[in-house]
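Novice:
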Amino acid sequence: MQRRDFLRHATALPLTAGSVRLLAAPKDTPRVLVVFLRGAYDAASLLVPVSSSFYYEQRPNIAIARPGSAADAAMPLNAEWALNPALIDTMLPLFERQQLAFVPFAGTDDTSRSHFETQDSIELGQPLVGSTRNFQSGFMNRLAQVLGARGLANQSIAFTNQLPLTFRGDVQVPNLSLANLGKPAFDARQSQLIAGMYEGSGLAGNVREGFAVRDEAAREINGEMQGGSMAGEMLAASRNAITAKGFEGEARRIARLMRERYHLGFVDVGGWDTHVGQGAGTGYLANRLAELGKGLAAYADEMGPAWNDSTVVVVSEFGRTFKENGNRGTDHGHGSVYWVLGGAVRGGRVVGEQVAVAPASLFQNRDYPVLNEYRSLLGGLFTRLYGLSPAQVQQVFPGAAPRDLGLV
Amino acid sequence: MRRRSLLVATGVGLTGPALLAGCAAPALRTGAGGRAEAADVALLNRVTWGVDSASLATWNQLQRRDYLQAQLNPGADAPLPPAAQAQIDALPLLNKPMPTWVVEMEQRRRDADALTDNDAKKAAQQTYQQDMNRLARDAATQMLLRALYSTSQLREQLTWFWFNHFNVHQYKANLRAMVGDYEGRLRTHALGKFRDLLIASATHAAMIRYLDNEQNAANRINENYAREVMELHTLGVDGGYSQKDVQELARVLTGLGVNFSDKQPNLRPALQALYVREGPTEFNPARHDMGEKLVLGTRIGGQGWAEIMDQLTRLARHPSTATHVSRQLAIYFVADQPPPALAERMSRAFSASDGDIALTLQAMFDAPEFSASLTRKFKDPLHYVVSAVRLAYDGKTILNCAPMLGWLNRLGQGLYNRQTPDGYPMDEAAWSGSGQMGTRFEIARAIGGGSAGLFRAEGATADAPAFPQLSNALYHGTLAPTFGERTRAALDAATSPQEWNIVLLSSPEFMYR
Chain A
1 MQRRDFLRHA TALPLTAGSV RLLAAPKDTP RVLVVFLRGA YDAASLLVPV
51 SSSFYYEQRP NIAIARPGSA ADAAMPLNAE WALNPALIDT MLPLFERQQL
101 AFVPFAGTDD TSRSHFETQD SIELGQPLVG STRNFQSGFM NRLAQVLGAR
151 GLANQSIAFT NQLPLTFRGD VQVPNLSLAN LGKPAFDARQ SQLIAGMYEG
201 SGLAGNVREG FAVRDEAARE INGEMQGGSM AGEMLAASRN AITAKGFEGE
251 ARRIARLMRE RYHLGFVDVG GWDTHVGQGA GTGYLANRLA ELGKGLAAYA
301 DEMGPAWNDS TVVVVSEFGR TFKENGNRGT DHGHGSVYWV LGGAVRGGRV
351 VGEQVAVAPA SLFQNRDYPV LNEYRSLLGG LFTRLYGLSP AQVQQVFPGA
401 APRDLGLV
Chain B
1001 MRRRSLLVAT GVGLTGPALL AGCAAPALRT GAGGRAEAAD VALLNRVTWG
1051 VDSASLATWN QLQRRDYLQA QLNPGADAPL PPAAQAQIDA LPLLNKPMPT
1101 WVVEMEQRRR DADALTDNDA KKAAQQTYQQ DMNRLARDAA TQMLLRALYS
1151 TSQLREQLTW FWFNHFNVHQ YKANLRAMVG DYEGRLRTHA LGKFRDLLIA
1201 SATHAAMIRY LDNEQNAANR INENYAREVM ELHTLGVDGG YSQKDVQELA
1251 RVLTGLGVNF SDKQPNLRPA LQALYVREGP TEFNPARHDM GEKLVLGTRI
1301 GGQGWAEIMD QLTRLARHPS TATHVSRQLA IYFVADQPPP ALAERMSRAF
1351 SASDGDIALT LQAMFDAPEF SASLTRKFKD PLHYVVSAVR LAYDGKTILN
1401 CAPMLGWLNR LGQGLYNRQT PDGYPMDEAA WSGSGQMGTR FEIARAIGGG
1451 SAGLFRAEGA TADAPAFPQL SNALYHGTLA PTFGERTRAA LDAATSPQEW
1501 NIVLLSSPEF MYR
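Those protein sequence lines, which keep their order, are chains A and B.
Under our numbering, the first sequence has 233 at position 233, and the numbering climbs by one with no breaks.
One rule links them: number in our numbering = place in the second sequence (from 1) + 1000.
Here it is in structure tokens:
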């Protein structure tokens, strides 16, 4: 697709910039949360190719032990794949309830192996060749545009300190990190005084929305803490020893806002760039996976009945080298494993195009190949979730060939 | 495809106070006794960390040409105000050289880990962490005091720019004990030759450790630094290198590591002459891949340390580096999407001068595109916070930087706190999201509402008497006439001096430089 065509598609949609949309989410609209693992997590340590002797040859120090062979051995999911033991308490139950699927050999055709380059290209979701990157048009923003044009509620939010590239674009999307949240600093008159200065400027929408979302989030979360009807932080505390700390507490707060107010959300989790000492069944990476798993399980729990129309997609910019490096770590690679979970997900499976893990199947003789390109994968998923037409999918992922993996 | 060749497709780009653009530039009677045009104030706002009476007075004395020359060639540091210098002199960080701190702190860490009593161990580890934090905080304090009060404002702006360009993260390993020294090294070369900057960064323990080059050895290649030095520091991601070049450069860089001990590795006699040690930076020939390499079409090999220096020099002088570094400077100083003609002129000046940063910036200042861009660059959090404090306490030295450090963390741009080697983004869209604007107004409230802890010297229980004086001669003499109607109306509607301050610091005009 040519750049001008792409832009025409993008601008053909109604411009909703500046509008503040804080209506409650209709119950029948699917909720989607994208979790971006920044830093390229080592997918071969998540979904372990236990049937491959090549894996054990290539990773003498960091391989996850074969099922049953050690206390911290991998937990089998099928004949080929097993799960990192750090996720047995959190993700295995979801897999067994068939609400979690893994898509191995997933990723992008971008082979720069640069974190930043590849994160950007995934978040933008534009064709890699034949057009200039438009850094003001991320795929999640285009998805929000398409949903809006179809009359579906499309309230979107990034749970991050900075508005991520994926949400940049024509639809005004607020960002608010829930890692820690205080009381609103301004009363209505003061907010109006400040917002008034921005009328007519390009920042007017951001400023208005900034005030509105803060008030809203504080009401939602504090209200619950004061004993509202919804399962709040207090209640959660009785079920789990740690709630407010780390990703788990944040995930619960995210779930509350997603449950009550939003359809499309984004959050990122860092700390995956394990060049040195990543560990195996225990150790640094296992701890990070455990924390992530706790957060995702907490999200599912906190959603309550709304989990049934919720989907979470976990992505990362690329995988890591298949062979361990000289420092018991791994370097920048290519193919990754994506996770798809949700109440209506057809899970309990490892899905998508696959290939036996063997020397001949490595990409450039070093990495997992990408057999399930993310734009096809997500295009197919969104088509199912929202009933998008081919033209609408093209607006979200121009030039992509959506592939239905039957994930929902 | 160029990584940052952006399209302004949605109008999110230059949406600043366009109302300033058409504004006539009346000669203004300044509070500092001279005359300054609105355009002069705008330029000062760009060259400095934010206009204050002192910078305006110097401007009036020297006038544009000499002022810029003085900023581009600052020479030795002029003394800071005594109250600021006294704070720096009292910082424990500066009592000992960096390697001594590192060795001492490492010993303390090991001693703490070796304790068998759990409570004692926990306490010792906690104190260790606090003292490590203190070392990084001392470096940050020094940095902020210089940004606030140094007369060499341009050098201080560049020091931050280069740290961000060659970014390291304080919480990796024991880098908290090194960031101050690393920053000082970059500061020395901030307006000098790019090659010197690159080598200063490449051979500093902080960078070697941060990007894992100390792990990079013959047959145990770690590509991390080799990749980032080409992608981020020199050529740029589309600068014309391949994955193979990364691997080959990584081989060149093998053996460049860190050694804080007073011992040399045991080396075969044949290798001893090749050993190099500069402070904690070490080249260990036993870890170096002596074979031939092919980097960017050039064959190289068998020379060890000289080979590394040669390769870094080649990278510094590569045409793609001139383009990439000039463009980064232009993004920082001119616009999110620098006019191609300007970037091109800077790139030519860079190449013609063997990477002389002062001459590259001179070309930028002389360009009409630079003047046309004034008042339109969105302040990142650091520029916002420093310019606010410079204006709010014009001429009155703050006694504690800790509140500023806290604000920067809340705004997502803590000093030395960017985890990834790409450094903090420099474009408006990265900092002007709705949540970020909301936080920024809260910081405006903290700064405008009272002394906010800025005048509580360390150990004191209360603030020295101080109140932000934003409605000052500088404001009325230079800034007020450039403010738009909506902002003036909001200021008039403020119900207290505090609120007036908060409104001013929250105004769209104050968000841009």
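From the three backbone atoms N, C-alpha and C, an ideal C-beta is built for every residue, glycine too.
Treat the numbers as computed from the prediction; the structure is a model and nothing was measured.
Looking only at C-alpha atoms, which of W339(A), L405(A) and D367(A) sits nearest to L47(A)?
Specialist: W339(A)
Novice: Identify every residue that forms a DSSP beta bridge with F1283(B).
Specialist: L1256(B) and V1276(B)
Novice: Starting from the C-beta of S1432(B), find all residues in its chain whose C-beta is less than 7 Å away, skip the five residues before and the five after it, and write them out in chain order.
Specialist: F1378
Novice: In chain order, what residues of the same chain have a beta carbon less than 7 Å from the beta carbon of S1451(B), not counting five sequence neighbours either side?
Specialist: Around S1451(B): D1463, A1466 and F1467.
Novice: Going by the beta-carbon positions, is the gap between Y1182(B) and A1206(B) smaller than 7 Å?
Specialist: Yes, the Cβ-Cβ distance between Y1182(B) and A1206(B) is below 7 Å.
Novice: Using a Cβ cut-off of 8 Å, pull out every chain A residue sitting near A1490(B), in sequence order please.
Specialist: Correct list: L193, I194, G196 and M197.
Novice: My output table needs one value for K1122(B): the three-state DSSP class, helix, strand or coil.
Specialist: helix
Novice: Does the beta-carbon of S1434(B) have 16 or more other beta-carbons within 10 angstroms, so that it is buried, or is it exposed?
Specialist: buried
Novice: Please determine if the region 150 to 159 of chain A and the region 121 to 137 of chain A are in contact, where contact requires at least 3 C-beta pairs separated by less than 8 Å.
Specialist: no
Novice: Find out if the Cβ-Cβ distance for the pair V129(A), Q145(A) is shorter than 7 Å.
Specialist: Remark: C-beta atoms of V129(A) and Q145(A) do not approach each other more closely than 7 Å.
Novice: Where does D331(A) sit, in a helix, a strand or coil, going by DSSP?
Specialist: coil
Novice: Counting Cβ pairs closer than 8 Å, one from the region 101 to 121 of chain A and one from the region 291 to 308 of chain A, do we hit at least three?
Specialist: no
Novice: Under a three-way DSSP split, which group does A231(A) fall into?
Specialist: Reliability of the predicted coordinates at A231(A) is poor, the pLDDT of 37 falling under 50, and the value obtained from them is presented with this limitation in mind. Correct three-state label for A231(A): coil.
Novice: Does the CB of S114(A) have a neighbour CB from chain B at under 7 Å?
Specialist: yes
Novice: Any C-beta of chain A sitting closer than 7 Å to the C-beta of V1385(B)?
Specialist: no
Novice: Could you tell me the alpha carbon to alpha carbon distance between V276(A) and A73(A), rounded to whole angstroms?
Specialist: 21 Å
Novice: Can you pull the chain B residues whose beta carbon is under 9 Å from the beta carbon of G326(A), in chain order?
Specialist: Those are Q1215, N1216, A1217, N1219, R1220, I1221 and N1222, listed as they occur along chain B.
Novice: Have a look at L1144(B) and N1409(B) and give me their C-alpha separation to the nearest angstrom.
Specialist: Across the structure, L1144(B) and N1409(B) are spaced so that their CA atoms are roughly 14 Å apart.
Novice: Considering only residues of the same chain and omitting the five flanking positions on each side of H1189(B), which have a CB-CB separation below 7 Å?
Specialist: D1196, L1197 and A1200
Novice: At a cut of 8 Å, does the region 1477 to 1496 of chain B reach the region 1396 to 1406 of chain B through at least three beta carbon pairs?
Specialist: no
Novice: Considering only C-alpha positions, which residue in the set R1277(B), F1260(B), H1165(B) and H1288(B) is nearest to L1249(B)?
Specialist: H1288(B)
Novice: Determine the closest residue to L407(A) out of A360(A), L341(A), V355(A) and S389(A), with distance taken between C-alpha atoms.
Specialist: L341(A)
Novice: Is L1080(B) near the ligand ZN, going by C-beta to nearest heavy atom under 6 Å?
Specialist: What this structure holds is no ligand at all, so the ligand ZN is not there to describe.
Novice: According to the neighbour-count rule (16 or more other Cβ atoms, all chains shown, within 10 Å of its Cβ), is D268(A) buried or exposed?
Specialist: buried
Novice: Compile a chain-ordered list of the residues in the region 1322 to 1340 of chain B whose CB is closer than 9 Å to at least one CB of chain A.
Specialist: none
Novice: Quick check on DSSP: helix, strand or coil for F1194(B)?
Specialist: It is helical.
Novice: Assuming L377(A) and A106(A) form a contact by the criterion Cβ under 8 Å, report the distance between their Cβ atoms to the nearest whole angstrom.
Specialist: 6 Å
Novice: Grouping DSSP H, G and I as helix and E and B as strand, with all else coil, what is F266(A)?
Specialist: Here F266(A) sits in strand by DSSP.
Novice: For G1255(B), decide whether its Cβ has a neighbour in chain A, counting only Cβ atoms nearer than 7 Å.
Specialist: no
Novice: Does any residue of chain B have a CB that is nearer than 7 Å to the CB of H275(A)?
Specialist: yes
Novice: Looking at I1208(B): is its Cβ nearer than 7 Å to the Cβ of V1258(B)?
Specialist: yes
Novice: Are any of the Cβ atoms in chain B nearer than 7 Å to that of L378(A)?
Specialist: no
Novice: Compare the beta carbon distance of T90(A) and G380(A) with 7 Å and say whether it is the shorter of the two.
Specialist: no
Novice: Identify the residues that DSSP records as bridge partners of R1410(B): which are they?
Specialist: DSSP output for R1410(B) lists no bridge partner at all.
Novice: By the three-class DSSP mapping on this structure, what secondary structure does W1059(B) have?
Specialist: helix
Novice: How long is the line joining the alpha carbons of R1137(B) and V1179(B), rounded to whole angstroms?
Specialist: 10 Å
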